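What follows is a single structure, written as structure tokens, with notes after it.
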DNA sequence: AAGTTGAACGTTAACGCTAACGTTCATTTT
DNA sequence: AAAATGAACGTTAGCGTTAACGTTCAACTT
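Chains as they are written, first to last, in my numbering: chain E, 6 to 323; chain S, 6 to 323.
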């Protein structure tokens, strides 16, 4: 026990003994066994995190905010990616639970019923991040993607756009993008009765998806504004317009989402929506830690969105 | 023991008993305890991975390749990012070792001596990925970044460029980029006695670093070709040239690295070097698994590089 | 001198699991 | 009918750690 105390750095060992123990531990290259520790104390200082993907800035930013916060509170985070597959999420949650984590973080709200049941019944705090709902599994921090879509729509309508289109990932892939499209649709339907065309190329990365989706739309219709799942797709779209000799914003408007790094060096500022991803990570992690420590926190925290008007859409109603 | 056997799915229980046990387990919402299991069997099926960062495509690609391979072999991977800080890597390795992982993966070759010592003395297989050396801690799979720099240099020299420059991250941040710069320098020094200027902006993301670095170089000198740490920086540089009214490749050549997704939608193909990151992840993971299973593998596996000539450099010697 | 105190250190059991070995008993072999 | 077999199932101990409680003993109090 003195060894255990010395190594854990708790009281009850004289400085002399502690020094001797630590020296011996070093000499014999002692490595503690976290499994035994976790077994004995019946919990771990792990936070399990589920993300759709490591690709892209969005989740990297959120993750960065979370990890910072957890690290400085002495928690380790273990991460898995689901590649947008709810079954992969479920199996990750099962595996996680077997490690007795201190907390669990899921991305979004689209889970298998079994996942929800499993988590509701366990005493482990759960954070849902990125998306927003008033009825989370436990707590949630995110943005309202439907509202984000409405914001873009309202902006476009106010600038006089009437033939909107949307380029997205394959259906079911990203439910947040679907929610934004819904918001966009509802605004256009309500305010000027216009339908929103959409293109969802099946393959490729964000850039080529944006490019291909735009090509599809331009081939089959003549939208006056195209909104994209994110800034990278919007850039792909921009390149497509450029090749086809369309001027932006004179001939067509382009709007992205997320205000990604790329946009900071474009010759024309991109119309987009700023999302506070780092802050979201920090807020989410902080709230989850509070929950873990038994402090009561807001169940549901929506983060603000900011529409950033840029030079890829008209400056005023034409 | 029958319960243990039934749940683990090993022989020695009748199908009837197994079914009963599994039913009861489900009814009582039994969750296995991995800590106890790992303690009893004195190992875990974890692979610990250390990456510099989650930002950017490069490590996401490598990771994707590795995770695929590990997942299908029944191993879970736990990941940490060091943000290019070797001390963070050391503390991660310490924490990892306390979990008795089946294997450990580090990025690059730049480790604290203590990290190397710790790993050399442990029986746990270690893979160093992304960089290449003949003398790894245990095994390694990667590319020769010095040679990559030489390839770019040789290509530039052959096209008649004589006033080279390089835009990179802050010194010490990315030792691979430093190695590439060395390769570039040595080729230019040897073949035409030209020195390579360099710019290393302190702040910002890849795009702005490329932009700022280019601005610095153009303000203080007149390079005829600028090479970049990666394609994203090269794009930043491209935008800077565009704003200053410089034509590429007529007035200045631009070369990137890594052949990133962005390049696939640019109007001019980017001169770059293709790196097989997904393959690297798969190869690395496969070799590490073999090592874990006691099968002997190549200690040191270099992956091929391919120079991709593009339209951002001259097409032939002018 | 006897009693009290409290820091320093030790003993025990328990965490949940599994390897190794032991027992049971229906079925087959002789 | 007795013996042999082997699948099915049980018992025990140990993995490395820590919570809880027990012991020791120098230093102080009365």
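Think of the CB as a built atom: it goes at the ideal place given N, C-alpha and C, for glycine as much as any other residue.
For clarity, every value in this text was computed on a predicted model and none was experimentally measured.
Taking a cut-off of 8 Å on C-beta distances, the region 75–92 of chain E does not touch the region 159–171 of chain E, as fewer than three cross pairs fall below it. By DSSP's assignment, residue 187 (chain E) forms no beta bridge with any residue. Using a CB distance cut-off of 7 Å, residue 55 (chain S) does not count as an interface residue toward chain E.
Excluding residues up to 5 positions away in sequence, 112, 113 and 147 lie with their Cβ nearer than 6 Å to the Cβ of residue 135 (chain E) in the same chain. Rounded to the nearest whole angstrom, the CA to CA distance from residue 298 (chain E) to residue 291 (chain E) is 11 Å. Within chain S, the residues whose beta carbon sits less than 7 Å from that of residue 65 (chain E) are 59 and 60, listed in sequence order. If the five residues before and after residue 283 (chain S) are omitted, its C-beta is found closer than 8 Å to the C-beta atoms of 66, 67, 69 and 70, all from its own chain and listed in chain order.
In chain order, 59 make up the part of chain S whose C-beta sits under 8 Å from the C-beta of residue 68 (chain E). The C-beta of residue 261 (chain E) has 16 or more other C-beta atoms within 10 Å across all chains shown, which makes the residue buried. Within 8 Å of the CB of residue 126 (chain S), the CB atoms of chain E belong to 34, in sequence order along the chain.
Rounded to the nearest whole angstrom, the C-alpha separation of residue 158 (chain S) and residue 190 (chain S) is 8 Å. Proximity of chain S to residue 103 (chain E) at the Cβ level (cut-off 7 Å) is accounted for by 36, 37, 38 and 39, in chain order.
Segment contact: the region 263–278 of chain E against the region 174–182 of chain E, fewer than three CB-CB distances shorter than 8 Å; contact not assigned.
Taking a beta-carbon distance threshold of 7 Å, residue 244 (chain E) counts as an interface residue toward chain S. Residue 253 (chain S) has a beta carbon lying at 7 Å or more from every beta carbon in chain E.
Residue S:244 holds the alpha-carbon nearest to the alpha-carbon of residue 217 (chain S) among S:42, S:227, S:199 and S:244. Remark: C-beta atoms of residue 43 (chain S) and residue 40 (chain E) approach each other more closely than 7 Å.
In this structure, DSSP gives residue 52 (chain E) an extended state, which the three-state scheme calls strand. Contact annotation: residue 55 (chain E) and residue 37 (chain S) have beta-carbon atoms that are not nearer than 7 Å. A straight line joining the alpha-carbon of residue 226 (chain S) with that of residue 259 (chain E) spans about 37 Å.
Within 8 Å of the CB of residue 271 (chain E), the CB atoms of chain S belong to 244, in sequence order along the chain.
The C-beta of residue 101 (chain S) has 16 or more other C-beta atoms within 10 Å across all chains shown, which makes the residue buried. Sequence-distant partners of residue 265 (chain E) (beyond 5 residues in either direction) whose C-beta falls short of 7 Å from its own C-beta, in its chain, are 62, 235, 236 and 237. Distance check between residue 161 (chain S) and each of S:201, S:138, S:175 and S:7 places S:201 closest, using alpha-carbon atoms only. Think of a sphere of 8 Å around the beta carbon of residue 210 (chain S): the chain E residues whose beta carbon falls inside it are 266 and 269, in chain order. Between residue 276 (chain E) and residue 309 (chain E), the C-beta spacing is not below 7 Å. In this structure residue 132 (chain E) is in contact with residue 293 (chain E), their Cβ atoms being roughly 4 Å apart against a cut-off of 8 Å. Think of a sphere of 7 Å around the beta carbon of residue 173 (chain E): no beta carbon from chain S falls inside it, the nearest being about 17 Å out. Within the same chain, Cβ atoms closer than 8 Å to the Cβ of residue 197 (chain S) are found at 162 and 167, the five residues on either side in sequence being excluded. Relative to residue 252 (chain E), the option among E:230, E:263 and E:267 whose CA is nearest is E:230.
The beta carbons of residue 280 (chain S) and residue 263 (chain S) sit closer together than 7 Å.
In the three-state reduction of the DSSP assignment, residue 177 (chain S) falls in the coil class. DSSP places residue 35 (chain S) in the coil class of the three-state scheme, outside both helix and strand.
A residue is called buried once 16 or more other Cβ atoms fall within 10 Å of its Cβ, and residue 149 (chain E) is buried on that count.
Here the alpha carbons of residue 57 (chain S) and residue 90 (chain S) stand approximately 8 Å from one another. In this structure, residue 10 (chain S) lies near residue 17 (chain S), with their beta-carbon atoms less than 7 Å apart.
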